[in-house]
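Below you'll find the structure, written out as C-alpha cells, and then a few comments.
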Amino acid sequence: MTMVSWGIACVVLAGLGGLILVVGLWLMFTYNGLVNLRNQVKNAWSQIDVQLKRRYDLIPNLVETVKGYASHERETLERVIKARQAGIDASTVKDQAAAENMIVGALRQLFALSEAYPNLKANEGFLALQEQLASTENKISFARQYYNDTVQAFNTRQQQFPATLVASMLGFRPADFFVIEDATVREVPKVKF
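Just so you know, our numbering puts 216 at position 180 of the sequence shown, and the rest follows in order with no gaps.
Pasting the structure below:
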C-alpha cells in the first residue's frame with residue numbers, strides 16, 4: 037500500500053468512526069429523552085393517584101354523615117361506596133376513567149340528597165366535607181390536565197421521525213390519555229353551601 041492509499045483509508049475510517057459516534061450520541065440522547073418523558077408520565081399519574089386517594093378517604097366520612105340524616109337512602113349510599121371501591125381497584129388509566137364516571141355520578145346523587153334534607157344541608161361537618169371534596173375535585177382536575185399534557189408530549193415524541201425508530205425498536209409504547217367518556221360526567225359535582 038502506498039502512502040496515499042493509507043491516507044485515504046485513515047480518512048475513511050475516521051469518517052466512519054465519526055459517523056458511528058454521531059449516530060451513537062443521537063441514539064443515546066433520543067433514548068434518554070424518551071425515558072425522561074415516560075417518567076414524567078408516571079409522575080403525573082402518581083399526582084392524580086394522590087388526589088384520588090384523598091377523595092377516597094373523604095367519601096366514607098361523607099357517607100357516614102349523610103347516613104345519619106338519610107339512612108333510608110341506602111341505594112344511593114351503596115352506589116357511592118361501590119363507585120369508590122371501583123376507583124380503588126382500578127389498575128389502568130382506562131379502568132380509572134370508568135371508575136371516575138361512576139364516582140362523579142354517585143357523588144352527584146349524594147349531593148342531591150342534601151337538597152331534600154335541610155338539616156343535613158346545614159350540618160357543619162357535611163359542609164366541611166363538601167368543601168374539602170370540592171377542593172380535591174379541583175386538584176384532581178389540574179392533575180388530570182398535567183397528566184394528559186405529559187402523555188401528549190411523550191406520545192408525540194415517540195411518533196416524530198426519526199425518534200419513532202428508536203421508540204419502536206426499544207419497546208416504548210404510547211401512554212393512554214385520562215379521558216372521561218360520558219359528557220355529563222365531565223362537570224365537577226355542583227356543591228352548594
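Cβ coordinates follow ideal geometry from the N, Cα and C atoms, glycine included.
In three-state DSSP terms, what is Asn-191? helix
In angstroms, rounded to a whole number, what distance separates the CA positions of Ile-84 and Phe-178? 9 Å
Going by beta carbon distance, what residues of the same chain come within less than 6 Å of Phe-208, once the five residues before and after it are set aside? Leu-70 and Gln-194
Rounded straight-line distance, which links the Cα of Ala-122 to that of Gly-51: 60 Å
Output the boundary residues of the alpha helix (DSSP H) element that contains Phe-147. 129-152
What does the alpha-carbon distance come out to for the pair Leu-63 and Val-202? 7 Å
From what residue to what residue does the alpha helix (DSSP H) around Asp-212 run? Per DSSP, Asp-212 belongs to no alpha helix (DSSP H) and is neither H nor E.
Using 8 Å as the cut-off, can you tell me whether the segment 172-186 makes contact with the segment 73-92, which would need three or more C-beta pairs spanning the two stretches below that distance? yes
With a threshold of 16 other CB atoms inside 10 Å of the CB of Met-39, please say whether the residue is buried or exposed. exposed
Would you say the segment 136-151 touches the segment 103-115, given that touching needs at least three Cβ pairs under 8 Å? yes
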